[in-house]
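Participant: Quick note on this note's numbering: the sequence shown kicks off at 643 and runs consecutively.
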Amino acid sequence: MTGRLLRAVIVTLIAVVALGALGACAGAQTYRWQDEKATEYRIGPGDKLRVSVWKHDEVSQEVTVRPDGNVSLPLIGDVPASGRSGREIAKDVETRLAKYYSEPVPVTVLVLEVKSYKVYVIGEVQKPGELAPTQPITVLMGLAMAGGFTPFAQQDAIVVLRRDERGERRIPFSYTAVVKGGDLRQNLLLQSGDTIIVP
């Protein structure tokens with residue numbers, strides 16, 4: 643009786659694991675990674691920027707985004723920067739400068755130093771925790787920076803937890819499909835605040 647019970651428990655456990663694996667594979671196969679288009683880097687507090695105004699060195703500046711999310715520039719004062727791309731900031735500066743110059747003045751904004759970009763890796767990796775790279779990284783790069791997998795990692799059941807203007811979602815990632823199968827669609831560029839979960 644005990645032997646039968648033990649066999650029944652083992653069979654049940656195998657079935658549960660198999661169903662879980664099938665579910666993970668199905669999720670990975672049906673996810674539309676192309677919907678996760680690479681977005682421009684969103685600037686945040688602490689980032690250092692170079693604001694260049696064509697032929698107007700008196701306005702061009704290297705500035706650091708303050709904790710309140712703004713930068714200060716000659717003539718126009720505070721300009722919101724946090725949460726915006728360099729291109730969006732440049733367009734805003736051009737609009738504000740139009741009040742002071744008779745002709746349009748092209749503006750470019752370059753990110754010189756990244757300080758606000760942070761991603762997280764948790765679960766079965768050697769060094770779980772916060773990563774603060776100096777430039778945006780991919781999922782594979784994040785896993786490498788976290789020291790790689792532990793022996794217990796379920797490498798094909800990884801998810802990236804993302805929250806942005808589209809809401810919160812879980813993006814599947816299969817290490818085998820990317821590394822051995824060449825499915826580079828899954829190797830997304832991580833957004834600041836993303837969390838890689840390795841079960």
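Every residue gets a Cβ at the ideal spot worked out from N, C-alpha and C, and that includes glycine.
What whole-angstrom Cβ distance do Lys690 and Glu704 have, given they're in contact under 8 Å?
Facilitator: Position 48 of the sequence shown, counted from the start, is the residue given in the question as residue 690. Position 62 of the sequence shown, counted from the start, is the residue given in the question as residue 704. Going by Cβ atoms, the distance from Lys690 to Glu704 rounds to 7 Å, so yes, they are a contact pair.
Participant: Taking the straight line between their C-alpha atoms, what separation do you get for Gly662 and Lys760?
Facilitator: On the sequence shown, position 20 is the one that residue 662 refers to. On the sequence shown, position 118 is the one that residue 760 refers to. Caution applies to Gly662, whose pLDDT of 43 falls short of 50 and renders its modelled position unreliable; the model cannot decide the point.
Participant: Ends of the alpha helix (DSSP H) at Leu831?
Facilitator: For this step, residue 831 is matched to residue 189 along the sequence shown. Here Leu831 belongs to no alpha helix (DSSP H), and DSSP marks it neither H nor E.
Participant: If you draw a straight line from the C-alpha of Glu755 to the C-alpha of Thr776, how long is it?
Facilitator: Counting from 1 along the sequence shown, the entry for residue 755 is found at position 113. Counting from 1 along the sequence shown, the entry for residue 776 is found at position 134. Note on geometry: alpha-carbon atoms of Glu755 and Thr776 lie some 7 Å from one another.
Participant: Between which two residues does the beta strand (DSSP E) holding Arg805 run?
Facilitator: Position 163 of the sequence shown, counted from the start, is the residue given in the question as residue 805. 800 to 806 is the extent of the beta strand (DSSP E) around Arg805.
Participant: Figure out for me which residue from Ile718, Gly719, Asn712, Tyr743 has the closest Cα to the Cα of Gly728.
Facilitator: In the sequence shown, counting from the first residue as 1, residue 728 sits at position 86. Closest option to Gly728, Cα to Cα, is Asn712.
Participant: Please classify Gly784 as buried or exposed, where buried requires at least 16 other C-beta atoms within 10 Å of its C-beta.
Facilitator: Start at 1 with the first residue of the sequence shown, and residue 784 comes out as number 142. Buried, because 16 or more other Cβ atoms sit within 10 Å of the Cβ of Gly784.
Participant: Report yes if the CB atom of Val751 is closer than 8 Å to the CB atom of Ala732, and no otherwise.
Facilitator: Start at 1 with the first residue of the sequence shown, and residue 751 comes out as number 109. Start at 1 with the first residue of the sequence shown, and residue 732 comes out as number 90. Their beta carbons are under 8 Å apart, which means Val751 touches Ala732 by this criterion.
Participant: Whose C-beta lies closer than 6 Å to the C-beta of Ile800 among residues of the same chain, with five residues either side of it excluded?
Facilitator: Residue mapping note: residue 800 aligns to position 158 of the sequence shown, counting from 1. Cβ within range, chain order: Phe815, Val840.
Participant: Looking at C-alpha atoms only, which residue of Ala819, Gly719, Lys822, Glu807 is the closest neighbour of Gly835?
Facilitator: What you label residue 835 is simply residue 193 of the sequence shown in a count that begins at 1. Ranking the options by Cα distance to Gly835, first place goes to Glu807.
Participant: Just list the beta strand (DSSP E) runs in the stretch 745 to 800, keeping only unbroken ones of 3 residues or longer that don't cross its boundaries, in chain order.
Facilitator: 749 to 755, 761 to 765, 771 to 773
Participant: For the beta strand (DSSP E) containing Ile813, list its first residue and its last residue.
Facilitator: For the purposes of this step, residue 813 is taken as residue 171 along the sequence shown, with counting starting at 1. Ile813 -> beta strand (DSSP E) spans 809 to 815.
Participant: Given a threshold of 16 other Cβ atoms within 10 Å of its Cβ, counted over all protein chains shown, does Val821 qualify as buried or as exposed?
Facilitator: Against the sequence shown, residue 821 aligns to sequence position 179. Under this definition Val821 is an exposed residue.
Participant: Out of Tyr683, Leu715, Arg674, Val707, point me to the one whose CA is closest to Ser694's CA.
Facilitator: For the purposes of this step, residue 694 is taken as residue 52 along the sequence shown, with counting starting at 1. It is Leu715 whose Cα lies nearest to the Cα of Ser694.
Participant: Let me make sure I understand the geometry here. Which of Ile838, Gly824, Thr818, Asp825 has the alpha-carbon closest to that of Arg812?
Facilitator: Along the sequence shown, read from residue 1 onward, the residue named residue 812 stands at position 170. Taking only the C-alpha atoms, the option nearest Arg812 is Ile838.
Participant: Can you give me the C-alpha to C-alpha distance between Ala650 and Pro793, rounded to a whole angstrom?
Facilitator: For the purposes of this step, residue 650 is identified with residue 8 of the sequence shown, where counting begins at 1. For the purposes of this step, residue 793 is identified with residue 151 of the sequence shown, where counting begins at 1. Residue placement at Ala650 cannot be trusted, given a pLDDT of 46 that sits under 50; what the coordinates show is reported in the next sentence. Computed Cα separation, rounded: 28 Å.
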